[in-house]
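Down below is the structure, laid out as structure tokens.
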Amino acid sequence: MSDHVTNEARVIPLRPAASEPSRTPAGADAPARAHRPPVLVPRRPPAAPAPSAREPLWRDLVGDVLRRERLAQERTLKDVAEAARISMPYLSEVERGRKEASSEVLAAAARALGLGLTELLSLAQRELTRHTRAESVRGRPASAPSSGPRSSGSRYDGMCLAA
């Protein structure tokens, strides 16, 4: 009355394997083919967009504004990081657009530079608008003008930011 359990795991393929011509001679046992693991083919990553077609990331814009303001005040990264009470390497990464900083970190960095969070975000919004207009001049339409009931037919280049 002993039940003998094998140590083999039962594999259930998620997708049926692509049909292949049989490699086993006729008359070979069918269960041997059933245990063949599925062949995985690596997918190619999608092609990256051309550098000129890339829209700027918000973190890049904010980082550029922080760095521009710091350099305009002729202050060092260490000085601003200490005043903002954030680490110098982290502030450097924020300025280079490598990190997506929280609103608290952005507010602290802005205060250390004598700016409010609203001013920092407004400067970043202007940079985005400038970039959008530059792309529009190069032949790429930025966005179609609104044809809503309040539209006068002119394009609105503003952006609403909530802090």
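Its first residue numbered 3, the sequence shown is counted upward by one per residue in my numbering.
Glycine included, each C-beta is placed from N, C-alpha and C at the ideal position.
Report, in whole angstroms, the separation of the C-beta atoms of residue i and residue j, which I expect to be a contact under 8 Å.
i: A126; j: A110; result: So it is not a contact: roughly 16 Å between Cβ atoms.
Using alpha carbons as the reference points, say which of the options lies closest to residue i.
i: V96; options: R72, T134, G118 and A136; result: R72
i: R61; options: L123, A136 and A74; result: L123
i: T120; options: L16, R98, V64 and E10; result: V64
i: K80; options: G99, T134, S94 and R70; result: S94
i: E137; options: L16, Q75 and E57; result: E57
i: V118; options: L59, R77 and L68; result: For the sequence presented, residue 118 should be read as Gly rather than Val. Among L59, R77 and L68, the Cα nearest to that of G118 belongs to L68.
i: I88; options: A112, E76 and V139; result: A112
Applying the criterion that 16 or more other CB atoms from any shown protein chain within 10 Å of the CB defines a buried residue, is residue i buried or exposed?
i: V82; result: buried
i: A114; result: buried
i: L130; result: buried
i: L108; result: buried
Cutting at 6 Å between CB atoms, please list the residues of its own chain near residue i, excluding the five before and the five after it.
i: G116; result: none
i: A103; result: V96
i: T78; result: none
Taking Cβ positions only, does residue i come closer than 8 Å to chain D?
i: L59; result: The chain inventory of the structure shown lacks chain D, comprising one protein chain alone.
Which residues in the same chain have their Cβ closer than 7 Å to the Cβ of residue i, if we skip the five residues on either side of it in sequence?
i: R1; result: Only positions 3 to 165 of the chain appear in this structure, which leaves residue 1 out of reach.
i: R70; result: none
i: D66; result: E129
i: R98; result: G65
i: R132; result: none
i: Y92; result: K101
i: L59; result: G99
For residue i, collect the residues of the same chain with a Cβ closer than 8 Å to its Cβ; drop the 5 residues on either side in sequence, then sort them by chain order.
i: Q75; result: L115 and G116
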